[in-house]
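Chemist: Sharing a structure here in structure tokens format.
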Amino acid sequence: RASRTAARTSAVASALGACELCELVLEEQPVFDVNATNGTLANRHVLFNDTIVTSTKLSLRVVILYEPEYQGGAGVTHGNIREMANSTVTINKRIQGRILVSVGVPSDLESMDYLFETLSQPPSHVRLYQGRVDEAASVQPNLYKASSALLERVEPLLREYNQSAVHFVGHSLGGGVSCLAAAILDGRLPLWSSSKKSKKGKKKRKNTNKKSSATAGEAKSDDAEAEATNQTLAPLQGLGRGRTSAVAIGAPPSMSSNVQTDFVVSIMHGDDFVGRSTSESLQRFFERTKKGLKRGFLGGQLGRMSDTLSLATSNLKSYAHGSEGEEARLATPGRAYLIRPRRLGGVCSIHEIGSQLKGGREAIRASVLWQLNDILLSKSLWKHHHLNSYINGLDRVHIRGIDNGED
1202 RASRTAARTS
1212 AVASALGACE
1222 LCELVLEEQP
1232 VFDVNATNGT
1242 LANRHVLFND
1252 TIVTSTKLSL
1262 RVVILYEPEY
1272 QGGAGVTHGN
1282 IREMANSTVT
1292 INKRIQGRIL
1302 VSVGVPSDLE
1312 SMDYLFETLS
1322 QPPSHVRLYQ
1332 GRVDEAASVQ
1342 PNLYKASSAL
1352 LERVEPLLRE
1362 YNQSAVHFVG
1372 HSLGGGVSCL
1382 AAAILDGRLP
1392 LWSSSKKSKK
1402 GKKKRKNTNK
1412 KSSATAGEAK
1422 SDDAEAEATN
1432 QTLAPLQGLG
1442 RGRTSAVAIG
1452 APPSMSSNVQ
1462 TDFVVSIMHG
1472 DDFVGRSTSE
1482 SLQRFFERTK
1492 KGLKRGFLGG
1502 QLGRMSDTLS
1512 LATSNLKSYA
1522 HGSEGEEARL
1532 ATPGRAYLIR
1542 PRRLGGVCSI
1552 HEIGSQLKGG
1562 REAIRASVLW
1572 QLNDILLSKS
1582 LWKHHHLNSY
1592 INGLDRVHIR
1602 GIDNGED
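In this note's numbering, each residue's number is its place in the sequence shown (first place is 1) plus 1201.
Shown next, in the form of structure tokens:
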């Protein structure tokens, strides 16, 4: 119980810190005070502040901060209870500072229609790099391509600070991109590559052969120099192995549960629909909504009751099958937690969810009572997704054994 309480306390603290960083990317033109002595920018330097447009037309607002005096944990040990208890303790002596990567989506794209369009695409399949032979995993294709584009854009910074802890944070789609980017940088997933890139490379080599002998000689020299440079550089995939972590706030399921991402913390709030949105759950949601509209008001009330019952039954059957076919289904990555608002007392509770549950009462709750695999027909499905709702919910979390009184 003490271990569970410590883990939940760490998750709440890490999530609140992530929310502060997420607020930076929500501002149209954030003002960075280099002389700040308190707040989010205290003792941190701004390394990157720009918008990245990916091949999927998903725009990412990215702010990267460097914290030179950071002496805490990295990877799995980032944000653990020991680090919070004594920030002066160096858990990993190899770590030199910390890179904070905050990823978000411009506010004009944070609409329900855009989220449905982005997340409705079926998952793509990739080969895993976890030491197992011929094992595959599933990823959300739009977010996966965006995460690779993000890493390639900031690659020079990642190589320059290759002894620092790298911590990704993000809300909504930005949270999904953060999880996938962390998994790639830690070496758990391959970097996405398109066939178009290789074709362009072939065309360039063909044009080079048509040059004069002198130019061709210079080109060969340049190619040899570039090849030598590439041989000395470590691949981007796995560059941050053991140093990478992420906190995702209200992020959609972005990868299958067989991808080992214990360095990721995922937070879901109440009935937030984004954390339950996959191509399959969205399709089921649309079909149930159409049936509900045909029933009318009274029929709709009864329909919602039968809808809840049918979801509980289907999720119970899914729970009975366990991890069968997990590589084909998208799931909430890492150590996942659900913030549940309580009707009485104005407080919230926090519960472990996701792949970290291998059985028991909490696993049945997650599959049946909370129905995390399907979007609920709830008045709060959109309200609970807003970043401010997450901040308010985290502020009101009550953990047993912890004194929540103000100092």
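Don't be surprised by glycine CBs; every beta carbon is placed ideally from N, CA and C.
Is it true that the CB of Val1465 sits closer than 8 Å to the CB of Ala1447?
Modeler: A contact, by the Cβ cut-off of 8 Å.
Chemist: DSSP three-state label for Tyr1538, please.
Modeler: Strand at Tyr1538.
Chemist: Answer with buried or exposed for Lys1403, where buried requires no fewer than 16 other C-beta atoms within 10 angstroms of its C-beta.
Modeler: Because Lys1403 carries a pLDDT of 40, less than 50, the predicted location of this residue cannot be relied on, and the following value inherits that uncertainty. Exposed.
Chemist: Let me check understanding here. Comparing Cα to Cα, which of Gln1461, Arg1544 and Gly1377 lies closest to Leu1259?
Modeler: Looking at the Cα atoms, Gly1377 is the closest of the given residues.
Chemist: Is Arg1587 helix, strand or coil when you go by DSSP?
Modeler: One point to set straight first is that residue 1587 is His, not Arg, in the sequence displayed. The answer is coil: DSSP assigns His1587 none of H, G, I, E or B.
Chemist: Checking the sheet assignment: what are the DSSP bridge partners for Ala1338?
Modeler: Answer is Val1327.
Chemist: Whole angstroms are fine: how far does the CA of Arg1262 sit from the CA of Val1226?
Modeler: For Val1226 and Arg1262, the distance between alpha carbons rounds to 6 Å.
Chemist: Kindly indicate the opening and closing residues of the alpha helix (DSSP H) around Glu1528.
Modeler: Neither: Glu1528 is in no alpha helix (DSSP H) and is coded neither H nor E.
Chemist: Beta-carbon separation of Arg1579 and Glu1528 under 8 Å?
Modeler: Position check: residue 1579 holds Ser in this sequence, whereas Arg was assumed. Result no, Cβ atoms of Ser1579 and Glu1528 do not sit closer than 8 Å.
Chemist: On the premise that His1246 lies in contact with Arg1299, defined as a C-beta separation below 8 Å, what is that separation, rounded to the nearest angstrom?
Modeler: Their Cβ separation, rounded to whole angstroms, is 11 Å, which puts Arg1299 and His1246 out of contact at 8 Å.
Chemist: Rounding to the nearest angstrom, what Cα-Cα distance links Leu1582 and Ile1576 in this structure?
Modeler: Answer to the nearest angstrom: the Cα atoms are 8 Å apart.
Chemist: Going by beta-carbon coordinates alone, are Ile1450 and Tyr1591 separated by less than 8 Å?
Modeler: Their beta carbons are under 8 Å apart, which means Ile1450 touches Tyr1591 by this criterion.
Chemist: CA-CA distance, Leu1386 and Val1254?
Modeler: One C-alpha to the other measures close to 20 Å.
Chemist: What's the C-alpha gap between Gly1305 and Cys1223?
Modeler: Approximately 7 Å, taken between the alpha carbons.
Chemist: Under 6 Å Cβ to Cβ from Lys1321, same chain only, skipping five residues before and after it: list those, please.
Modeler: Lys is not the amino acid found at residue 1321; the sequence shown has Ser there. Within the same chain, Ser1321 has close Cβ partners Ser1480 and Leu1483.
Chemist: Measure the CB-CB distance between Leu1344 and Leu1392 and report whether it falls below 8 Å.
Modeler: Cβ distance not < 8 Å, so Leu1344 and Leu1392 don't count as in contact.
Chemist: Could you check how far apart the C-beta atoms of Ser1478 and Cys1380 are, in whole angstroms? I think they sit under 8 Å.
Modeler: With a Cβ gap of about 14 Å, Ser1478 and Cys1380 do not count as contacting.
Chemist: How should Gly1547 be labelled, buried or exposed, when 16 other C-beta atoms within 10 angstroms of its C-beta is the threshold for buried?
Modeler: With fewer than 16 other Cβ atoms within 10 Å, it is exposed.
Chemist: Helix, strand or coil: which one does DSSP assign to Tyr1271?
Modeler: Tyr1271 falls in the coil class under three-state DSSP.
Chemist: Let me confirm a value: Pro1453 is counted as buried when at least 16 other C-beta atoms fall within 10 Å, else exposed. Which label applies?
Modeler: By the 10 Å Cβ count, Pro1453 comes out buried.
Chemist: Whose CA, out of Gly1441, Arg1205 and Asp1314, lies closest to the CA of Glu1361?
Modeler: Taking only the C-alpha atoms, the option nearest Glu1361 is Gly1441.
Chemist: Between which residues of its own chain and Ile1600 is the CB-CB distance below 8 Å, once the five residues before and five after are set aside?
Modeler: Excluding positions up to five away in sequence, the list reads Thr1206, Arg1209, Thr1210, Val1213 and Ile1551.
Chemist: Tell me the rounded alpha-carbon separation between Asp1251 and Asp1463.
Modeler: About 29 Å.
Chemist: What's the gap between the Cα of Ser1204 and the Cα of Leu1595?
Modeler: Using only the alpha carbons, I get a separation of about 20 Å.
Chemist: Among Leu1545, Ala1366, Arg1530 and Pro1534, which residue has its Cα nearest to the Cα of Ser1325?
Modeler: Measuring from the Cα of Ser1325, the nearest candidate turns out to be Arg1530.
Chemist: Considering only their Cβ atoms, is the gap separating Ala1275 from Gly1388 smaller than 8 Å?
Modeler: Cβ atoms of Gly1388 and Ala1275: not closer than 8 Å.
Chemist: Counting contacts by CB-CB distance shorter than 8 Å, is Gln1484 in contact with chain D?
Modeler: The structure shown contains no chain D; it holds only a single protein chain.
Chemist: What residues match up with Glu1553 in a beta bridge as DSSP calls it?
Modeler: In the DSSP output, where bridge partners are listed per residue, Glu1553 has Tyr1538.
Chemist: Count the other C-beta atoms from every protein chain shown that fall within 10 angstroms of the C-beta of Gln1438, then say buried if there are 16 or more, exposed otherwise.
Modeler: Buried, since its Cβ has 16 or more Cβ neighbours within 10 Å.
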